[in-house]
Amino acid sequence: MAKILIVDDSRTSRKVLRGILEEGGHEIVDEAANGQEGVQKFQACKPDIVTMDITMPVLDGMEALKMIKALKPDMKVVMVTAAGQKNKMIDCIKLGANEFLTKPFDKEEIISVINKLS
Amino acid sequence: MFDQIFGNYLVQAGKLSQEKLDAVIEYESSVRVKLGTIAVAEKLMTDKQAEEVNQLQAVMDKRFGDIAVEKGYLTDDQVGQLLKKQGNAYMIFVQTLIDQEIMTMEDIEKSLKEYQDTQGFTDSDMSDLVSGDIERIVKLFLPANTDLHDRLCGIAIRTLIRLVNSGAYVSKAFLVDQIVADNFALQAMQGDHSLISGFAGCADSLLAIANPFAGEEFDAVDFDALDAVGEFTNCINGLFASELSKEGVDIDMLPPEFYDHPVTISGNQFCVFPITIGYNVINFILSIDSELKIA
Chain P
3 MAKILIVDDS RTSRKVLRGI LEEGGHEIVD EAANGQEGVQ KFQACKPDIV
53 TMDITMPVLD GMEALKMIKA LKPDMKVVMV TAAGQKNKMI DCIKLGANEF
103 LTKPFDKEEI ISVINKLS
Chain W
65 MFDQIFGNYL VQAGKLSQEK LDAVIEYESS VRVKLGTIAV AEKLMTDKQA
115 EEVNQLQAVM DKRFGDIAVE KGYLTDDQVG QLLKKQGNAY MIFVQTLIDQ
165 EIMTMEDIEK SLKEYQDTQG FTDSDMSDLV SGDIERIVKL FLPANTDLHD
215 RLCGIAIRTL IRLVNSGAYV SKAFLVDQIV ADNFALQAMQ GDHSLISGFA
265 GCADSLLAIA NPFAGEEFDA VDFDALDAVG EFTNCINGLF ASELSKEGVD
315 IDMLPPEFYD HPVTISGNQF CVFPITIGYN VINFILSIDS ELKIA
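Below, the structure is given as structure tokens:
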């Protein structure tokens with residue numbers, strides 16, 4: 003079981019992701035609605051894994067990834083992308099992203115990716 | 065889709081009651097099962113394979129049969145056989161009207177000709193409509209505008225049919241400088257092209273997207289419901305960006321924006337593509353390389 007922080011500006015996505023991860027036996031320690039909030043909550047709740055949406059207001063997922071990796075280089079961050087964001091995926095790999103999940107969510111893929119990192 | 069479009073025309077022309085149309089469509093849905101279901105029943109695919117193809121359809125703008133062939137689960141011949149078994153929706157619709165003695169074949173043919181004349185469709189267009197091929201049908205309802213409009217509107221309706229409601233159908237799209245809506249969820253994209261796309265609704269019509277997509281029962285089109293519509297728009301735009309990236313065209317999505325109050329959407333000849341889901345008409349709004357103002 004992993005302690006997970008979900009960072010996504012969409013309430014719908016956060017809810018779906020929470021449901022799947024909890025069903026998979028993981029604990030959601032907190033949620034954040036943008037990258038800035040995500041970095042703050044990451045420091046406060048000390049998760050094992052962060053799921054990070056790429057496209058968000060205030061501070062996007064790539065910037066938040068950069069900040070989290072600067073604070074804790076071995077932190078496991080799973081980037082959440084929509085189809086069609088291949089270029090950004092490459093940039094995220096360069097910034098140290100550990101895995102990727104694509105929207106709309108596939109339950110089996112999510113559990114498999116998170117279990118692999120747990 | 066043409067079963068719904070023609071059925072709606074018959075209702076508007078006073079040749080069929082709404083209740084009878086609903087009953088015929090319901091009967092048609094009960095006899096026309098999904099391709100994956102037939103493939104599993106015929107033991108050509110396993111449940112797991114069919115589910116995998118269904119999941120892939122959410123992130124690939126492709127038909128069930130095409131993905132199943134790509135994955136090596138079915139051959140082209142098997143897909144052809146399955147499609148034959150599934151039957152053409154419009155043909156089943158017509159057969160049901162006749163079998164249930166709601167209309168005669170002669171009445172239907174006469175009404176079909178009237179529909180063709182009213183809409184200005186050619187004989188070739190009518191073949192496309194009757195074919196059941198969504199891509200061919202949708203093209204007939206788009207304004208002769210640009211290839212990008214055609215492609216994004218096409219992806220929007222195909223994704224809506226796959227992920228939200230298989231009974232959705234379209235009306236003729238049009239170009240306007242201004243339109244009003246009670247609520248609006250949109251997403252801008254930037255890069256080699258600047259685009260804005262989204263769904264504008266009247267009253268609670270956007271719930272027809274929000275509820276099935278989020279798997280919730282929202283009571284009103286509030287920010288949570290609009291968030292679900294925004295996420296759905298994000299899926300559509302992602303598929304579109306993915307398609308363009310294969311051609312070396314780079315566009316990226318910005319965070320969705322929501323308006324939970326009446327707005328006036330203004331621009332320069334932007335595209336409005338009406339989509340009907342159940343009794344709800346929702347406008348898919350699309351502006352390419354031209355600004356939209358929302359007030």
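If you read the sequences in order, they're chains P and W. Add 2 to the 1-based position in the first sequence for the working numbering, that's all there is to it. Add 64 to the 1-based position in the second sequence for the working numbering, that's all there is to it. Glycine is no exception: its CB is placed at the ideal position from the N, C-alpha and C atoms.
Taking one beta carbon from each stretch, the segment 46-59 of chain P and the segment 272-285 of chain W have fewer than 3 pairs nearer than 8 Å; the two do not touch. Exclusion of the five residues before and after P:Met77 leaves Val52, Ile70, Lys71 as the residues of its chain whose Cβ lies within less than 7 Å of its Cβ. For W:Cys217, the enclosing alpha helix (DSSP H) has its first and last residue at 211-227. Under DSSP, W:Ile358 takes part in a beta bridge, and its partners are W:Ile329. For P:Lys88, the C-beta contacts it makes with chain W under 7 Å involve Ser309, in order along the chain. With respect to the C-alpha of W:Ile352, the residue from W:Gln150, W:Phe70, W:Cys335 having the closest C-alpha is W:Cys335.
For W:Met190, DSSP records no beta bridge to any residue. Secondary structure in the segment 281-330 of chain W: the beta strand (DSSP E) runs of 3 residues or longer, each lying completely within the stretch, are 315-317, 321-323 in chain order. Counting every other CB atom within 10 Å of its CB across the protein chains shown gives W:His257 a total below 16, marking it as exposed.
Residue contact with chain W for P:Asp11: present (Cβ-Cβ distance below 7 Å to some residue of chain W).
Secondary structure at W:Glu178: helix, using DSSP grouped into helix, strand and coil. At a cut-off of 7 Å, the C-beta of W:Val123 has a neighbouring C-beta in chain P. Along the segment 8-32 of chain P, going in chain order, the ones with a CB nearer than 7 Å to a CB of chain W are Asp11, Ser12, Arg13, Thr14, Ser15.
In this structure, W:Glu295 keeps its C-beta atom at 7 Å or more from the C-beta atom of P:Thr104. The Cβ neighbour count for W:Ser81, taken over all protein chains shown within 10 Å, is under 16; the residue is labelled exposed.
W:Gln121 sits buried, since 16 or more C-beta atoms from the chains shown fall within 10 Å of its C-beta.
Three or more beta-carbon pairs separated by less than 8 Å link the segment 292-309 of chain W to the segment 243-260 of chain W, which places the two stretches in contact. Listed in chain order, the non-local C-beta contacts of W:Ile329 below 8 Å within the same chain comprise Gln242, Ile243, Val244, Ala245, Phe248, Ala264, Ile349, Leu356, Lys357, Ile358, local neighbours out to five positions each way being set aside.
About 6 Å separates the beta carbon of P:Val115 from that of P:Val80, a gap short enough to meet the 8 Å contact definition. Checking the DSSP bridge columns, you'll see W:Val234 partnered with W:Ile339.
W:Cys299 belongs to the set of residues whose beta carbon lies under 7 Å from a beta carbon in chain P. Boundaries of the alpha helix (DSSP H) around W:Ala103: 99-105. Rounded to whole angstroms, W:Tyr137 and P:Lys48 show a C-alpha spacing of 44 Å.
Check the Cα spacing between W:Asn152 and each of W:Val95, W:Gly331, W:Leu271: the tightest is with W:Val95. Around W:Ala220, the same chain offers Ile300, Phe348 as residues with beta carbons nearer than 6 Å, after the five sequence neighbours per side are excluded. Each of P:Ile22, P:Lys17, P:Ala66 was checked against the Cα of P:Lys43, and the nearest Cα belongs to P:Ala66.
Distance from the Cα of P:Ala46 is smallest, within the candidate group P:Leu61, P:Ile6, P:Gly21, P:Met91, for P:Ile6. Taking a beta-carbon distance threshold of 7 Å, W:Ser261 does not count as an interface residue toward chain P.
Counting C-beta pairs closer than 8 Å gives three or more between the segment 217-233 of chain W and the segment 195-203 of chain W, which meets the contact rule. P:Ile95 counts as exposed, since fewer than 16 other beta carbons sit within 10 angstroms of its beta carbon.
In the DSSP secondary-structure assignment, P:Lys78 is bridged to P:Ile51. Residues of chain P with a Cβ closer than 7 Å to the Cβ of W:Ala292 are, in chain order, Thr14.
P:Gly63 and P:Gly37 have their C-alpha atoms roughly 6 Å apart. Residue nearest to W:Glu321 within the set W:Ala237, W:Ser175, W:Thr297 is W:Thr297 (criterion: CA-CA distance). DSSP places P:Ala85 outside both helix and strand once states are collapsed to three, so it counts as coil. In summary, the residues of the segment 272-290 of chain W whose CB is separated from some CB of chain P by less than 7 Å are Ala278, Asp288, in the order they occur in the chain.
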